[in-house]
Amino acid sequence: MKVFIAFIGLQLVIFGFVQSRNHRPQANPDYASIIEGRTSKVSPLTNDADKDVKDTIRLSTVSQPQHGTITQKRNILIYTPQKDFTGKDSVSYTITDGKKESKPAYIVFRVNKNQAPVTYEDKAVAYGGSTIAIYALDNDEDKEKDSLTIHETTRPLYGEVSVSDNKLFYTAPNSAATVDSFYYTVTDGKNFSGKEVVRINIRKRSDICYPWLSADIGDVSKPGKVLCRNTSLEIEASGSDIWNNSDGFHFVFQMINGDFEISALVESLEGSHEWTKSGLMIRENLGAASKNVFLGITTKNGITSQARLQNREFTENGENKSAVKAPYWLKLSRKGDTFHLAHSSDGQKWEELRGGPIPISDNVLWELQSPVTISLKHAKQL
Numbered sequence: 000m001k002v003f004i005a006f007i008g009l010q011l012v013i014f015g016f017v018q019s020r021n022h023r024p025q026a027n028p029d030y031a032s033i034i035e036g037r038t039s040k041v042s043p044l045t046n047d048a049d050k051d052v053k054d055t056i057r058l059s060t061v062s063q064p065q066h067g068t069i070t071q072k073r074n075i076l077i078y079t080p081q082k083d084f085t086g087k088d089s090v091s092y093t094i095t096d097g098k099k100e101s102k103p104a105y106i107v108f109r110v111n112k113n114q115a116p117v118t119y120e121d122k123a124v125a126y127g128g129s130t131i132a133i134y135a136l137d138n139d140e141d142k143e144k145d146s147l148t149i150h151e152t153t154r155p156l157y158g159e160v161s162v163s164d165n166k167l168f169y170t171a172p173n174s175a176a177t178v179d180s181f182y183y184t185v186t187d188g189k190n191f192s193g194k195e196v197v198r199i200n201i202r203k204r205s206d207i208c209y210p211w212l213s214a215d216i217g218d219v220s221k222p223g224k225v226l227c228r229n230t231s232l233e234i235e236a237s238g239s240d241i242w243n244n245s246d247g248f249h250f251v252f253q254m255i256n257g258d259f260e261i262s263a264l265v266e267s268l269e270g271s272h273e274w275t276k277s278g279l280m281i282r283e284n285l286g287a288a289s290k291n292v293f294l295g296i297t298t299k300n301g302i303t304s305q306a307r308l309q310n311r312e313f314t315e316n317g318e319n320k321s322a323v324k325a326p327y328w329l330k331l332s333r334k335g336d337t338f339h340l341a342h343s344s345d346g347q348k349w350e351e352l353r354g355g356p357i358p359i360s361d362n363v364l365w366e367l368q369s370p371v372t373i374s375l376k377h378a379k380q381l
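Residue 333 in numbering that gives the first Met the number 0 sits at position 334 of the sequence shown; the count goes up by one each step and never skips.
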């Protein structure tokens, strides 16, 4: 009997010793990739562990890197590489649970070279003697998402070009020239792009469509065309749609500066798709992903209103009105940053749709005298 009691006591002592033992916390390696000239914020404890779940771990020691500096804010490490350094750098660190310290673990930083901006060819149309704004940066890219700035331009062959507010302003010559071109470069503050071309198609003011210009926007299966008769326009066009984060359609336009009012009678609309549409649009530039406000009439779904508030963002649907077909009147106006949209069956009594403030540049897609009324005689989907 005495032997049995002693054995039980021994078991309890051993069990109690195992239960009270504190484990060493474990620090695990970390990796971070950053761009030269930037900082990296790392939380090493995220993948570290302590078997004693009730223990709280914290950073204990941190070494300094060879090619940069480390700043510690509680359990966060901020790594700043040396100027112009690219490659691998590292630090070692330990953690503690207040009783024991871990073995060292390493954080490896991969500092990548900042890539030069990538530019793409731009095209524009202008009448002789006129000045147009070209938003060249809207289709240019930077891998690191740095802000781009126009660095410099070459002189056009015939016209004049200037830079203002990060836009290109081209003035076409009053001459026999029908095409012009120049080059520009951009910078992200660290690197410079290669030279990119801007090609200008110059039309004469004697053109029957003056002062209207036209261009295909984005993805179109067939080139669009416009026939002008005084204040009447006939348009044939194709395109993916005016929707989502990129448009595809044919655009007939002028440059407008400041407040305006424009109304149009859409006399007829022909298309195989129920959302084939035609109407009035204010667009910041000729890029497929440009900010815009659109009021149009569709083949089968009545009136549609929509807006893209930021370049490359998805289009937002506005107030619509079903059971309306061409011929029908549309009106789009702007006062400051506020846009007003309206529709009418006779061009006299107007019904407002919901509008509002939209952040679009004052210079929108040229000497358009406001108010202006046009007749969109016929629009056809190709």
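Here a beta-carbon is modelled for each residue, glycine too, at the ideal position from N, C-alpha and C. Nothing here was measured: the structure is a model prediction, and the numbers come from that model.
Counted within 10 angstroms of its Cβ, other Cβ atoms place residue i as buried (16 or more) or exposed
i       : result
Pro-80  : buried
Asn-138 : buried
Arg-204 : exposed
Asp-345 : exposed
Glu-413 : This structure does not reach residue 413, given that the chain is present from 0 up to 381, and the question cannot be answered.
Lys-330 : buried
Ala-175 : exposed
Glu-269 : exposed
Asn-46  : exposed
Tyr-327 : buried
Arg-73  : exposed
Phe-313 : exposed
Length of the line joining the Cα atoms of residue i and residue j
i       : j       : result
Arg-353 : Leu-340 : 7 Å
Ala-236 : Ser-220 : 9 Å
Asp-361 : Thr-177 : 28 Å
Arg-307 : Ala-214 : 19 Å
Phe-259 : Lys-334 : 7 Å
Glu-35  : Ser-91  : 21 Å
Asp-164 : Thr-55  : 53 Å
Glu-151 : Phe-191 : 10 Å
Phe-293 : Ala-171 : 29 Å
Pro-245 : Gln-309 : According to the sequence provided, residue 245 is Ser. The question's Pro does not apply to it. Each residue's alpha carbon lies about 11 Å from the other.
Gln-114 : Asn-229 : 51 Å
Lys-276 : Lys-290 : 18 Å
Gln-305 : Thr-130 : 29 Å
Lys-82  : Thr-68  : 11 Å
Lys-87  : Val-110 : 6 Å
Ile-431 : His-342 : An answer regarding residue 431 cannot be provided, because it is not within the stretch 0 to 381 covered by the chain.
Pro-64  : Thr-70  : 11 Å
Secondary structure of residue i, DSSP reduced to three states
i       : result
Leu-331 : strand
Pro-43  : helix
Ala-135 : helix
Leu-308 : coil
Asn-173 : coil
Gln-103 : Here residue 103 turns out to be Pro, not Gln, going by the sequence shown. It is coil, neither helix nor strand.
Lys-30  : Looking at the sequence shown, residue 30 is not Lys but Tyr. In this structure, Tyr-30 counts as strand in the three-state DSSP scheme.
Asn-291 : strand
Met-280 : strand
Val-52  : coil
Phe-88  : Checking the sequence, you will find Asp at residue 88 rather than Phe. Residue state, collapsed to three classes: strand.
Arg-57  : strand
Tyr-157 : coil
Asn-316 : strand
Glu-351 : strand
Ala-438 : Within the shown structure, residues of the chain are numbered from 0 to 381, placing residue 438 beyond reach of any answer.
Gly-346 : coil
Gln-368 : Confidence is the limiting factor: at Gln-368 the pLDDT is only 32, short of 50, which leaves the residue's position unreliable, though a coordinate-based value still follows. The answer is coil: DSSP assigns Gln-368 none of H, G, I, E or B.
Gly-247 : strand
For residue j and residue i, believed in contact at Cβ under 8 Å, the rounded distance
i       : j       : result
Gly-127 : Asn-200 : Rounded, the Cβ-Cβ distance is 11 Å, inconsistent with contact.
Ile-207 : Ile-281 : Not confirmed; about 24 Å, so no contact.
Glu-140 : Val-117 : 5 Å
Leu-212 : Phe-252 : 6 Å
Gly-301 : Ala-325 : About 11 Å separates the two Cβ atoms, so there is no contact after all.
Val-363 : Ile-255 : 5 Å
Ile-216 : Leu-285 : 6 Å
Residue-chain proximity (residue i, chain D), Cβ-Cβ < 7 Å
i       : result
Trp-211 : No chain D appears in the structure shown, which is made up of a single protein chain.
Check: residue i C-beta below 6 Å from any heavy atom of the ligand NAD
i      : result
Ile-56 : Within the structure as shown, the ligand NAD is missing, as the structure has no ligands at all.
Stretch pair the stretch 41 to 59 + the stretch 22 to 32: three plus CB contacts closer than 8 Å: In short, these stretches touch, since the Cβ pair count reaches three.
Contact between the stretch 297 to 304 and the stretch 220 to 233 (3+ Cβ pairs under 8 Å): no
Validate contact between the stretch 63 to 82 and the stretch 101 to 108 using beta carbons, cut 8 Å, 3 pairs: Yes, the stretch 63 to 82 touches the stretch 101 to 108.
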